[in-house]
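See below for the structure under consideration.
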Amino acid sequence: MKIKIIVVGKLKGFATVAVQEYLKMLQGYSRIQIVQVKGSTYLDSSCDEHLLNQEAEQVMKHLKDDYVILLDERGKEYDSIGFAKHFEGLLALPKSLVFVIGGPFGVSETLRKRADEMISLSKLTFTHQLAVVVLLEQLLRAFKIINNEKYHY
Numbered sequence: 001m002k003i004k005i006i007v008v009g010k011l012k013g014f015a016t017v018a019v020q021e022y023l024k025m026l027q028g029y030s031r032i033q034i035v036q037v038k039g040s041t042y043l044d045s046s047c048d049e050h051l052l053n054q055e056a057e058q059v060m061k062h063l064k065d066d067y068v069i070l071l072d073e074r075g076k077e078y079d080s081i082g083f084a085k086h087f088e089g090l091l092a093l094p095k096s097l098v099f100v101i102g103g104p105f106g107v108s109e110t111l112r113k114r115a116d117e118m119i120s121l122s123k124l125t126f127t128h129q130l131a132v133v134v135l136l137e138q139l140l141r142a143f144k145i146i147n148n149e150k151y152h153y
């Protein structure tokens with residue numbers, strides 16, 4: 001199954017290195033594509049819905065008839081075993097899976113409505129760069145659990 005991760009903002013530094021490492025480890029399980037879309041450069045925390053909608057438009061350009069999972073603080077939380085079970089069910093869908101990670105100001109309601117589901121990586125808040133790394137780690141862990149393979153060496 002093809003899995004796409006759309007992230008608002010650019011990956012750089014440690015995240016680029018970590019993402020490449022995880023993509024290598026995931027090669028035997030799935031083809032995973034990372035798509036980076038331009039985020040808002042507006043630095044005021046009172047970022048308005050207009051800017052979030054612009055980011056959403058950039059994300060939507062990369063969505064087709066996909067099953068969209070938005071990573072959001074309001075989403076459902078899983079432990080690793082629970083996520084693996086849920087993920088295994090998603091792998092059976094006839095659609096491609098797309099995970100969406102918003103920028104520093106969150107995501108628009110338009111994007112929330114387009115999502116088929118929302119999940120939360122944690123009650124903690126992560127930068128978009130760290131969220132991609134954590135998501136990839138959980139995808140690798142889920143594939144290992146699904147395939148009854150050792151994860152910790």
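Using UniProt numbering, read the sequence shown as starting at 1 and increasing by one per residue.
Cβ coordinates follow ideal geometry from the N, Cα and C atoms, glycine included.
Counting along the chain, G39 sits inside no alpha helix (DSSP H), nor does DSSP assign it H or E at all. In this structure, S120 lies away from K2, with their beta-carbon atoms at least 8 Å apart.
Excluding the 5 residues flanking it on each side, S108 has same chain C-beta neighbours closer than 8 Å at E49, L52, N53, E55, A56, in chain order.
Nearest C-alpha to S122 among A115, V132, T16: V132. Apart from the 5 residues on each side of it in sequence, F143 sits with its Cβ closer than 6 Å to the Cβ of Y29 in its chain, given in chain order. Under the 10 Å beta carbon count, G89 is surrounded by fewer than 16 other beta carbons and is classified as exposed. In this structure, H62 keeps its C-beta atom at 8 Å or more from the C-beta atom of G103.
Per DSSP, the continuous alpha helix (DSSP H) segment holding S80 begins and ends at 80-91. Of all alpha-carbon atoms in V100, A84, L93, the one lying nearest the alpha-carbon of L139 is that of A84. DSSP places F126 in no beta strand (DSSP E); its state is neither H nor E.
Its Cα nearest to that of Y67, the residue A92 stands out among I145, H152, A92, V134. Around the beta carbon of D72, 16 or more other beta carbons lie within 10 angstroms, which makes this residue buried.
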